[in-house]
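**Q** If you want this note's numbering, it's the 1-based position in the sequence shown plus 663.
For glycine and all other residues, C-beta sits at the position ideal for the given N, C-alpha and C.
A quick note: this is a predicted structure, and the numbers were derived from the prediction, not measured.
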Amino acid sequence: MIVTLGLISVMLVFSVPRLQDVLISNDEQSVYRKIIAYSSSLKNLAVLEQKRFFLHLDIDANRIWITYDQMSQEETLQASKKGYALPKGIRIADLEILGKGRVLSGVGVVSFYRDAYADPTWIHLETDEKKRSSIFIEPFLSKARWLEGTVGFEN
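Listed below in structure tokens is the structure:
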């Protein structure tokens, strides 16, 4: 009986923190997952539909939306209005797009090409607690990478 209780308590010690991560919504992690999912999906869509897709990141309005190269102006405007608004407490600090430079304000646009590659881009996010993290959209790999801290092409 004591051995059984000991084993159960050891299992609970290791499983409760993981259950807590699943049960408690962490806005920060959901933003990372959403951007990584957008990146992966857009690379696949660009190849499947043979269209160039764009991931727009509005630093000032803290919004993200998707367009493609044959959308009308009205459709593009609707896409921006229906875009994903980042939760309070998390903001897009800046973007660093290889060959295009750093975007500190306004809208940064990451292109996903029909040849299965994307603009290499660092997306820097910041919380109200000044915790910074970086997401790297790989040019040829299907999945983006998330790293703690500010990382860019220069470091």
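#1: What residue range is occupied by the uninterrupted alpha helix (DSSP H) comprising residue 724?
#2: Hey, would you say residue 727 sits closer than 8 Å to residue 758, going by beta carbons?
#3: With distances taken Cα to Cα, identify the nearest neighbour of residue 754 among 723, 707, 799.
#4: Do you know offhand how far residue 794's Cα is from residue 665's?
#5: Three or more C-beta pairs closer than 8 Å, one from the region 736 to 747 and one from the region 793 to 811: is that the case here?
#6: Who are the Cβ neighbours of residue 770 in its own chain at under 6 Å, not counting the five residues just before and after it?
#7: By Cβ distance, which residues of its chain are closer than 6 Å to residue 814, with the 5 residues on each side in sequence left out?
#8: For residue 893, does the count of other Cβ atoms within 10 angstroms reach 16, so buried, or fall short, so exposed?
#9: Can you tell me which of 767, 816, 774 puts its alpha carbon nearest to the alpha carbon of residue 708?
#10: Tell me, which residues are paired with residue 810 by DSSP?
#11: Return the CA-CA distance between residue 688 and residue 696, expressed in angstroms with no decimal places.
#12: Relative to the C-alpha of residue 767, which residue among 748, 729, 788 is closest?
#13: Which of helix, strand or coil does DSSP assign to residue 747?
#14: For the alpha helix (DSSP H) containing residue 690, name the first residue and the last one.
#15: Indicate the three-state DSSP secondary structure (helix, strand or coil) for residue 758 in the structure shown.
#16: What number of angstroms, rounded off, separates the C-alpha of residue 817 from the C-alpha of residue 804?
**A** Let me lay it out:
#1: Where residue 724 is concerned, there is no enclosing alpha helix (DSSP H), given that its DSSP letter is neither H nor E.
#2: no
#3: 723
#4: 44 Å
#5: no
#6: 719, 721
#7: 797
#8: Outside the shown range of the chain, which is 664 to 818, sits residue 893, and nothing can be said about it.
#9: 774
#10: 797
#11: Per-residue confidence for residue 688 stands at a pLDDT of 47, beneath the threshold of 50, marking its modelled position as unreliable; the derived number appears in the next sentence. If you take the alpha carbons of residue 688 and residue 696, they lie about 12 Å apart.
#12: 788
#13: strand
#14: Judged by DSSP secondary structure, residue 690 falls within the alpha helix (DSSP H) whose first and last residues are 690 to 712.
#15: DSSP places residue 758 in strand when its eight states are reduced to three.
#16: 21 Å
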